[in-house]
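Heads up, the thing below is written out as structure tokens.
Chains as they are written, first to last, in my numbering: chain A, 1 to 114; chain B, 1001 to 1112.
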């Protein structure tokens, strides 16, 4: 199967700082990547669709100025949590779409904001 | 909420028993997928079933799809302690955007 990586796997930061999370498709090109958020013992909630070379599409209720998404190449999308606060602490998971119906998930990033 | 329903929310069985998880959704779909997630880890894709398929097998996994009832089930036969994980169904949004709508998940515990 295809491989999607995320970096970092775990990050702890102080309130007010910004954190960047990278999502890479290692062995295929992905014109579309997705960012999800998962609270403890809950399901995945789609935050936004990241399209290479264009602006991300955000789901209702997700602040685009808070969660900046950049899909600069066919293998890399980044999510920046700006001015992070404790309520932003969560597990963030990305996925990359290889073809219709084929979506591969990264291992996730655990963000803890103190 | 867009999220589908899954039941049961939690399931505890003995090793060797079968585990059945159900998933319902609200919209028309092109396909439905099942994923597994170990605690604190990413998702592992288990199986994809297309809207024109009724049943699909993969090893000890059996997935059914009933589009008239907008429901799917995942059966794990002869369960093992290593099957302990959370299981999620996810379906596309039928708009060919690639978006996946996840069910709420079933937490399965298999006791040795």
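Backbone N, C-alpha and C fix where the C-beta goes; we use that ideal spot for every residue, glycine too. Computed from a prediction, not measured in an experiment: that's the story for all the values here.
CB-CB length for residue i against residue j, believed under 8 angstroms
i	j	result
residue 91 of chain A	residue 108 of chain A	5 angstroms
residue 36 of chain A	residue 93 of chain A	5 angstroms
residue 81 of chain A	residue 104 of chain A	That pair is no contact at about 23 angstroms.
residue 1027 of chain B	residue 1093 of chain B	7 angstroms
residue 13 of chain A	residue 19 of chain A	5 angstroms
residue 30 of chain A	residue 98 of chain A	6 angstroms
residue 27 of chain A	residue 48 of chain A	Not confirmed; about 24 angstroms, so no contact.
residue 15 of chain A	residue 85 of chain A	5 angstroms
Counted within 10 angstroms of its Cβ, other Cβ atoms place residue i as buried (16 or more) or exposed
i	result
residue 1103 of chain B	buried
residue 1099 of chain B	buried
residue 1001 of chain B	Residue placement at residue 1001 of chain B cannot be trusted, given a pLDDT of 41 that sits under 50; what the coordinates show is reported in the next sentence. Burial call: exposed.
residue 1085 of chain B	buried
residue 25 of chain A	buried
residue 56 of chain A	buried
residue 39 of chain A	exposed
residue 1029 of chain B	buried
residue 1012 of chain B	exposed
residue 1080 of chain B	exposed
residue 1006 of chain B	buried
residue 1010 of chain B	exposed
residue 1095 of chain B	exposed
residue 17 of chain A	exposed
Residue-chain proximity (residue i, chain B), Cβ-Cβ < 8 angstroms
i	result
residue 34 of chain A	yes
residue 29 of chain A	no
residue 86 of chain A	no
residue 53 of chain A	no
residue 107 of chain A	yes
residue 15 of chain A	no
residue 113 of chain A	no
residue 68 of chain A	no
residue 3 of chain A	no
residue 24 of chain A	no
residue 100 of chain A	yes
residue 43 of chain A	yes
residue 37 of chain A	no
residue 46 of chain A	yes
residue 49 of chain A	yes
residue 93 of chain A	yes
Chain D within 8 angstroms of residue i, Cβ atoms only
i	result
residue 76 of chain A	Checking the listed chains, one finds no chain D in this structure; the protein chains it contains are A and B.
is_contact[residue i, chain A] using C-beta, thresh 8 angstroms
i	result
residue 1041 of chain B	yes
residue 1117 of chain B	Lying outside 1001 to 1112, the shown extent of chain B, residue 1117 of chain B is not represented and no answer is given.
residue 1111 of chain B	no
residue 1059 of chain B	no
residue 1103 of chain B	yes
residue 1097 of chain B	yes
residue 1011 of chain B	no
residue 1046 of chain B	no
Can you give, in chain order, each stretch of the beta strand (DSSP E) that sits fully within the stretch 1026 to 1088 of chain B and has at least 3 residues? Counting whole runs of 3 or more residues, the stretch 1026 to 1088 of chain B contains the beta strand (DSSP E) stretches 1031 to 1037, 1043 to 1050, 1055 to 1058, 1061 to 1066 and 1071 to 1076.
Proximal residues, the stretch 1075 to 1091 of chain B versus chain A, C-beta separation under 9 angstroms: Those would be 1086, 1088 and 1090, in chain order.
Just by C-beta distance, which residues in the stretch 1023 to 1042 of chain B are closer than 9 angstroms to chain A? Result list: 1030, 1031, 1033, 1035, 1037, 1040, 1041 and 1042.
Would you list, in chain order, the members of the stretch 1060 to 1074 of chain B that have their beta-carbon closer than 7 angstroms to a beta-carbon of chain A? Using a CB distance below 7 angstroms, no part of the stretch 1060 to 1074 of chain B faces chain A.
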